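Comments concern the structure below.
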Amino acid sequence: MISACVRVGREADSITLIAVSKTFPADCVLEAVLEGQIQFGESKLQEAEAKISALPETLEWHFIGRVQRNKVRKMLENFDVIHGVDSLRLATCINDTAKRLELRPKVFLQVNIGSEESKGGYEVCDLHAEIGRLFELERLDIQGLMCIPPNGSDAEAARPWFSAMRELRNRLETENNVSLSALSMGMSSDYEIAIEEGATHVRVGSAIFGTREYNVTGESGQS
Ligand SMILES: *Cc1c(COP(=O)(O)O)cnc(C)c1O
């Protein structure tokens, strides 16, 4: 991570490393905590709840999975940052629930930058259309944009998607006079490229915790 920062002249402390601990037990998280890691990412609410309650309250938890509207309350009770906001309907639901709980959660707007059917996230044109109304939701502390780019043959294949995200962010900011300073992009295989293209948050799992083994039902962590 440091070498990627040096290459493009960025300070390492301008980038937040989110350690993605999905499928790994609380013990593994605790080991990382003892190394000084504070931010962790999880993509399944039920799995995360047990871990979060077993670990120190000082940690910052990022929800990086698909958000279900009927689980928003539980999500807000457990997580500090929500990365998967991808519709006005969901954003409004989070806003209303946050109001009841007297919270003002940090959120990222997820963009389906490769316009893939299998992935969540805003289509770019829909985000342009709804951005003004999203910023009217006063209980949401909108940080910026998040994406999971299409799987490529190598890390370099992700570069054009990451730079497209940066340009989209810049355009949304100037056209709507809003701040979207954060860019959550880059995973184990391509986080260095993401940093070179302006990521402020990288979500790294297997490069920290090792290879994941999914459970017998074959569920993937991204569903
Ligand atoms: C699992 C996951 C990651 C981390 O993936 P690795 O390849 O293990 O680094 C990052 N972001 C999201 C949304 C994920 O679901």
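According to our numbering, the stretch in the sequence shown is residues 4 to 226, in order. Each residue gets a CB set at the ideal place from its N, CA and C atoms; glycine is no exception. Note that the structure is predicted; figures quoted are calculated from it, not measured.
Buried or exposed (CB count within 10 angstroms, at least 16 for buried), residue i
i, result
"L37", "exposed"
"D16", "exposed"
"G135", "exposed"
"T26", "buried"
"Q113", "buried"
"C128", "exposed"
Close Cβ partners of residue i (< 6 Å) along its chain, the five nearest in sequence each way excluded
i, result
"G44", "I21, V23, H65, I67, R206"
"I97", "V75"
Own chain residues within Cβ distance below 7 Å of residue i, not counting five before or after
i, result
"A210", "S191"
Rounded separation between residue i and residue j - CA only
i, j, result
"T214", "L104", "37 Å"
"E222", "V70", "Per-residue confidence for E222 stands at a pLDDT of 48, beneath the threshold of 50, marking its modelled position as unreliable; no derived number is given."
"E133", "R92", "10 Å"
"R13", "L33", "29 Å"
"A101", "S118", "30 Å"
"K77", "G201", "32 Å"
Coarse secondary structure for residue i, derived from DSSP in three states
i, result
"S187", "strand"
"Y194", "helix"
"A29", "helix"
"G68", "coil"
"D144", "strand"
"I97", "helix"
"F82", "coil"
"F165", "helix"
"T19", "strand"
"L112", "strand"
Integer Cβ distance of residue i from residue j, believed to fall under 8 Å
i, j, result
"K109", "D83", "7 Å"
"M188", "F165", "6 Å"
Beta-carbon contacts of residue i that lie in its chain and below 8 Å, excluding the five residues immediately before and after
i, result
"A167", "I116"
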